[in-house]
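To start, the structure itself, in structure tokens.
Residue numbers (UniProt numbering): 1 to 286.
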């Protein structure tokens, strides 16, 4: 406790306290390069919600346009892809350079906006504008997606997993899978089941590889390719619809096959360990 002399003039502050405040304030307010990229992630997620509202939902409610507007839907998904790029690079930059103490919290909050709120809202609007959809059932599916991302991010903050892997489908990959399912325009029941299945994979214990090295380059290349497919579809280029369907189908296939490969690898590892254990016990028998 600081003791102040009664003869000290009012307004005087101990010098040590002034130094502490000058040292603490810049540390709490300073943003690193990785934090700036993370804020770009959050901005893209918010703008995806904006374009989904102004370009799809409002025209549908006012009768100006029926169904999903191509340009706005493509713009919203491209913004989610941009958010995924920011999320990819902020992790790489944070590992190479010094990150601020609030970097992890910023990353979780930004991911919640871009890969939780934005895709969940996309599903909700789909339920309102699609001809064969059921609005309230779609709302339940949207809530499931949002809560899955919330639970995943919370678990990621307090659970340590082995290096090089994620436990459960990463939220950016899950968000892009959800919007791919919607854009593929499957029957409503199939769409809802696939969306809920994707949400389950995000909170599952299935291991997914972290995008590092060659895999990070492959992920970036896939994102750029997906942007090109969306642009071709939005501007009604020849073959644009086919390209979009191929891209969405490939995204869904990857989401479905990665858990199968991961499960097969775990089963093979378990069998190898059991065989080695039996051989070791057999070698100990005289």
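Backbone N, C-alpha and C define an ideal beta-carbon position, used for all residues, glycine too. The structure displayed is predicted, hence computed values, not measured ones.
*Within its chain, find whatever has a CB closer than 6 Å to the CB of residue 120; leave out the 5 residues flanking it on each side and keep chain order.*
142, 145, 146
*Look at the alpha carbon of residue 100 and the alpha carbon of residue 34, and state the distance between them as a whole number of angstroms.*
8 Å
*For the candidate residues 262, 187, 133, 191, whose alpha-carbon lies nearest to that of residue 209?*
262
*asked:* So, with DSSP's three-state summary, where would you put residue 101?
replied: coil
*What do you reckon, is the C-beta of residue 277 under 6 Å from a heavy atom of the ligand GDP?*
As for the ligand GDP, it is missing from this structure, which has no ligand bound.
*If you count every other CB in all the chains shown that lies within 10 Å of the CB of residue 246, and 16 or more means buried, which is it?*
exposed
*asked:* For the structure I just gave you, are there three or more beta carbon pairs, one from the region 178-198 and one from the region 235-253, closer than 8 Å?
replied: yes
_Just to confirm my understanding: we take residue 220, look at its own chain, exclude 5 residues before and 5 after, and list those with CB closer than 8 Å. What are they?_
85, 88
*In the structure shown, what three-state DSSP assignment does residue 187 receive?*
coil
*Contact under 7 Å by Cβ, residue 45 with residue 114*: yes
*Could you tell me if residue 15 is buried or exposed, where buried requires 16 or more neighbouring beta carbons within 10 angstroms of its beta carbon?*
Residue confidence is low: residue 15 scores 47 on pLDDT, short of 50, so the model does not pin down where it sits. Its coordinate-derived value is still stated next. Residue 15 comes out exposed.
*Use the C-beta contact count for residue 90: other C-beta atoms within 10 angstroms, 16 or more gives buried, fewer gives exposed.*
buried
*Limits of the beta strand (DSSP E) - the one that residue 38 falls within*: Here residue 38 belongs to no beta strand (DSSP E); instead the alpha helix (DSSP H) covers 33-52.
*Entirely within the region 182-248 and at least 3 residues each: give me those beta strand (DSSP E) ranges in chain order.*
207-209
*Under three-state DSSP, which class holds residue 15?*
Low confidence applies to residue 15: its pLDDT is 47, below 50, so where it sits in the model is not reliable, and the reading given next is rough at best. Note: residue 15 maps to helix in three-state DSSP.
*Short Cβ contact (7 Å threshold) for residue 41 with residue 76*: no
*Quickly, what does DSSP pair residue 167 with across the bridge? List them, please.*
207
*Three-state secondary structure (DSSP) at residue 69?*
coil
*Burial state of residue 207 (16 or more Cβ within 10 Å)*: buried
*contact_flag[the region 191-198, the region 232-242] where n(CB pairs < 8 Å) is 3 or more*: no
*To the nearest angstrom, report how far apart residue 134 and residue 122 are at their CA atoms.*
14 Å
_On the DSSP letters alone, give me the boundaries of the alpha helix (DSSP H) that residue 156 sits inside._
135-158
*Is residue 63 helix, strand or coil by DSSP?*
coil
*Please state if the CB of residue 38 and the CB of residue 107 are separated by a distance shorter than 7 Å.*
yes
*C-alpha gap between residue 73 and residue 266, whole angstroms*: 39 Å
*Beta-carbon separation (whole angstroms), residue 227 vs residue 56, contact threshold 8 Å*: Not a contact, Cβ separation roughly 19 Å.
*So the alpha helix (DSSP H) residue 300 belongs to, where does it begin and stop?*
With the chain running from 1 to 286 in the structure shown, residue 300 is simply not present.
_residue 103 versus residue 95: straight-line alpha-carbon distance, rounded_ = 12 Å
_Short of 7 Å in beta carbon distance, which residues of its chain neighbour residue 150, apart from the five on each side in sequence? Order them along the chain._
112, 116
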